[in-house]
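Please read the structure below before turning to the comments.
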Amino acid sequence: MNAYTLDICHILIVIILGIIEGITEFFPISSTSHIIIFSNIFQIEINETLMLNTFMQCGTSLSILLYFKDTFITLLYSILHVKRQSENTCNLSCNNILISIFPIALLGLYFHKYMKHLFNPTSILLSLILGSILLMLSEIFKKIKTHQNKNINLYRSFTIGCFQCLALLPGFSRSCSTISIGILIGLNQSVATHFSFIISVPIFLGATLLDIINNIHTMSIYNMFVLLIGFLSSFITSSFCIKKCFKIINVCSFVSFIIYRLVLSLIIYLFFYHY
Numbered sequence: 248m249n250a251y252t253l254d255i256c257h258i259l260i261v262i263i264l265g266i267i268e269g270i271t272e273f274f275p276i277s278s279t280s281h282i283i284i285f286s287n288i289f290q291i292e293i294n295e296t297l298m299l300n301t302f303m304q305c306g307t308s309l310s311i312l313l314y315f316k317d318t319f320i321t322l323l324y325s326i327l328h329v330k331r332q333s334e335n336t337c338n339l340s341c342n343n344i345l346i347s348i349f350p351i352a353l354l355g356l357y358f359h360k361y362m363k364h365l366f367n368p369t370s371i372l373l374s375l376i377l378g379s380i381l382l383m384l385s386e387i388f389k390k391i392k393t394h395q396n397k398n399i400n401l402y403r404s405f406t407i408g409c410f411q412c413l414a415l416l417p418g419f420s421r422s423c424s425t426i427s428i429g430i431l432i433g434l435n436q437s438v439a440t441h442f443s444f445i446i447s448v449p450i451f452l453g454a455t456l457l458d459i460i461n462n463i464h465t466m467s468i469y470n471m472f473v474l475l476i477g478f479l480s481s482f483i484t485s486s487f488c489i490k491k492c493f494k495i496i497n498v499c500s501f502v503s504f505i506i507y508r509l510v511l512s513l514i515i516y517l518f519f520y521h522y
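With the first letter of the sequence shown counted as 1, position 147 gets the number 394 in our numbering; the numbers rise by one all the way through.
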């Protein structure tokens, strides 16, 4: 009876974490920091947290894939060298996607086994503050910049890809690094946001595949069921939220996100270092 109750509680916690991931992933506030903090509160072991985080991000990426299906279909047609009438506001090609995911794929593969050592309050605290500074710089820049470009060339793709590597630091936020640097190198906020969402899909899918390959031999049926619950919870939540979230991040000032990150930093500092 106790074991049954424990399993039900565990599944409910995973559902809650999936909901948190599904909402926070789209904003530059670091979904991973929220997952780590709540996992710590719920006393979930770090290795399980890492796996859960990856699978929940995969659920979010599936909702992004479906929301931007026209863009991905156009990219698929371009691979097949078939012309298709479709609006491509970012002037994207598969080369843009590949060159932007190459840096983080390379670093992610190399440092994958060491990542769990960064999942601690100190790393999150510092990353939240550094990300806030980057957001602040981009917010200032977009107010003084008179002309903003809508074209994503290979140079901009690679620059965004390099800064995306900051997302390997839990607490920094992938959308924070990619959207901010996109604006700082002259892109329109809407275009930078759109591109940030698009390139997240292959990254999250690749990370999930890597985790499955590395852990399949140690996963029980119950482990796989829990991961599936996390995936579905995140996917369903993000599917309901994505349209509204995309509209907000497309046009919203970053000031509210900066304040949120700094307040979250203060909460982490007080919670982990004073209590």
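C-beta atoms are modelled at their ideal positions from N, C-alpha and C, and glycine is treated no differently.
Tell me where the alpha helix (DSSP H) around residue i begins and ends.
i    : result
S325 : 316-326
M471 : 468-498
L456 : 436-462
G355 : 341-358
M383 : 368-391
I515 : 502-520
L401 : 401-411
S280 : 278-288
G429 : 421-431
I'd like to check one pair, residue j with residue i: are the Cβ atoms closer than 8 angstroms?
i    : j    : result
P350 : G408 : yes
I399 : N342 : no
I346 : F410 : no
I515 : L373 : no
F302 : C492 : no
S443 : T425 : yes
I380 : S512 : no
N294 : T279 : no
A454 : G355 : yes
T296 : I288 : no
S480 : V261 : yes
S427 : S385 : yes
Taking all protein chains shown into account, do 16 or more other C-beta atoms lie within 10 angstroms of the C-beta of residue i, making it buried, or fewer, making it exposed?
i    : result
Q290 : exposed
N461 : exposed
F478 : buried
H364 : exposed
D254 : exposed
T321 : buried
V473 : buried
I445 : buried
L339 : buried
F504 : buried
I506 : exposed
C423 : buried
H521 : exposed
E292 : exposed
What whole-angstrom Cβ distance do residue i and residue j have, given they're in contact under 8 angstroms?
i    : j    : result
F501 : L382 : 5 angstroms
N367 : K397 : Not quite, the Cβ-Cβ distance comes to about 40 angstroms (not below 8 angstroms), so this is no contact.
F358 : L431 : That belief does not hold up - the Cβ atoms of F358 and L431 are roughly 25 angstroms apart, past 8 angstroms.
V448 : L312 : 5 angstroms
I276 : R421 : With 8 angstroms as the limit, I276 and R421 do not qualify as a contact, their Cβ atoms being about 11 angstroms apart.
I476 : I263 : That pair is no contact at about 11 angstroms.
I348 : I450 : 6 angstroms
Residues in the same chain with beta-carbon distance under 8 angstroms from residue i, minus the five sequence neighbours each way, listed in chain order, please.
i    : result
L523 : Since the first residue of the chain shown is 248 and the last is 522, residue 523 is not available in this structure.
C488 : G269, I270, F273
F388 : I430, L431
Y469 : D254
At least one CB of chain E closer than 8 angstroms to the CB of residue i: is that the case?
i    : result
K360 : Chain labels in this structure do not include chain E; a single protein chain is all it has.
Take residue i and list the residues in its own chain whose beta-carbon comes closer than 6 angstroms to its own, dropping the five residues that flank it on each side.
i    : result
H281 : I267, T271
Y314 : I489
N497 : S437, T440
R403 : I432
G265 : M303, G477, S480, S481
S286 : T296
L323 : none
Spatial neighbours of residue i within its chain, please: C-beta separation below 7 angstroms, excluding the five flanking residues on both sides.
i    : result
S310 : F482, S485, S486, I489
D458 : M298, T301
F519 : P368
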